[in-house]
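Residue 1 is where the sequence shown starts when you use this note's numbering, and the numbers rise one by one after that.
Every residue, glycine too, gets a C-beta built ideally from N, C-alpha and C.
The model shown is predicted, which means the values in this text are computed figures rather than measured ones.
Reviewing the structure listed below.
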Amino acid sequence: MVFTTACGNDLMERRSWAFRKNDIERYNVVKLYTRTRSCTGGRVACSASALQVCALPTFAMAAELDTEHQQMMKGSFSQTMQIDPGRARFPCSVVWSPLPVISWFIPFIGHVGICREDGVILDFAGPNFVCVDNFSFGAATRHIQIPQEKCCIPLGQSVYSGEEYYMQDETRGDLRTWDDAIRKSTQEFQHRSYNLFTCNCHSFVANNLNRLGFLSGGWNVVNLAIFILFNGHWVSKASMLRSILPFVVVFFLGVTFGGFTFLKFWFFFTSILIGWFLLGSYCFKNLIQL
1 MVFTTACGND LMERRSWAFR KNDIERYNVV KLYTRTRSCT GGRVACSASA LQVCALPTFA
61 MAAELDTEHQ QMMKGSFSQT MQIDPGRARF PCSVVWSPLP VISWFIPFIG HVGICREDGV
121 ILDFAGPNFV CVDNFSFGAA TRHIQIPQEK CCIPLGQSVY SGEEYYMQDE TRGDLRTWDD
181 AIRKSTQEFQ HRSYNLFTCN CHSFVANNLN RLGFLSGGWN VVNLAIFILF NGHWVSKASM
241 LRSILPFVVV FFLGVTFGGF TFLKFWFFFT SILIGWFLLG SYCFKNLIQL
C-alpha cells in the first residue's frame, strides 16, 4: 500500500510538472507570434514548427504518462503476487486444508478454496454463503498458484486498469480478469444450498477454474482433488504434519485394536465416498453441481 501510494504521488507530481511545462511552451509560442505580428503590420505566417509546438503535448504526454503508470502498477502487481502464508495471502491460487474426521480416514480429501489476485481466500462454506478471508477449517496447508499462461483470462489486468474498466465489464458482462471470474462464481454460489455430496467447496473451485479456462476447463470435484493431491505444495512442515499425522495415528490405532475389522470398515468407507463422486462426476453428471 505504501509503495502504491508513493508511486501515485510521484505520478501526480510528474504529471503536474509536465502540464506546467506545456503551459509555458504555449505561452512562449503565443508571445513569439504576437511580437512577429506587431512587427509585420498584422501579417504573419506561422511556421510549421511553431504550430507543432502549439498543438503539442496533451496527447503525447498523456500516452507517455499512462505507459509509465501501467509499468509502475505492473511492478506493484508483481509484488502483490508474492505468497505470504503468515497473512494467509495466496494470490491467484487454489488452497487446501484437512477436514475434521473425514481427513483422518482419507487424508487426500479436504476443504478447498480459491484466492483473488490480492491473495484473499474465498471458499464455499455453507448454504448461500461464500466465506471471504476466513478459511473455514483453519489455515491453508497446501496451495497451488495458477500459472497465467494456462488461463484464458489474463491475470493482473484489474490491478492497473482502474475503476472504469470494471464499469465497462459490468455493463458488457464480459469476464476479463481473474477477479471478474471469482466474483461471478461467488454471486452464483451465494444462491446455492450447500451439500457435502452434491454441491460443496470443490464444486465452487471447479466452477471458478472452468470460468477462468484453466487448462481448457473441464474441471469437476474428482480431477480437482487429484490435481491438488499431486501438484499441491505444503505451506510448511508443520502444515504437512497437521494434515498427515491424524491419519497415521487413527490408522495405527485402528489396526492395532480393530485389526481386520477396522481395515474392512476403512475400505468400505473409502470406496463408498470415492465411488459416489466418481459416479456423480462421470456417469450421472447432474448429481454433483458445478
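- request: Say whether the segment 226-239 touches the segment 249-260, bearing in mind that this needs 3 or more beta-carbon pairs closer than 8 Å, one atom from each stretch.
  value: no
query: Who are the Cβ neighbours of I83 in its own chain at under 8 Å, not counting the five residues just before and after it?
result: R89, F90, P91, S93, G119, H143 and Q145
message: Here's a check: name, in chain order, each residue in its chain whose Cβ is nearer than 8 Å to the Cβ of P127, leaving out the five neighbours to either side.
response: Excluding residues up to 5 positions away in sequence, R192, S193 and Y194 lie with their Cβ nearer than 8 Å to the Cβ of P127 in the same chain.
- request: Can you say whether A117 is buried or exposed, counting buried as having 16 or more other CB atoms within 10 angstroms of its CB?
  value: At residue 117 the sequence reads Glu, which differs from the Ala that was named. That one is buried.
- prompt: Tell me the DSSP bridge mates of V95?
  reply: G113 and H143
C-beta contact flag for K285 and L215 at 7 Å: no
message: Considering just the uninterrupted stretch of the beta strand (DSSP E) at V132, what are its terminal residues?
response: Here the beta strand (DSSP E) through V132 covers F129 to V132.
field: Status (buried if at least 16 other CB within 10 Å, exposed otherwise) for G275
entry: exposed
- prompt: Can you tell me the Cα-Cα spacing of T141 and F227, whole angstroms?
  reply: One C-alpha to the other measures close to 15 Å.
field: chain B contact for R89 (CB, 7 Å cutoff)
entry: Judged by its chain identifiers, the structure shown contains no chain B, having just a single protein chain.
message: In this structure, how does DSSP classify N210 when only helix, strand and coil are distinguished?
response: helix
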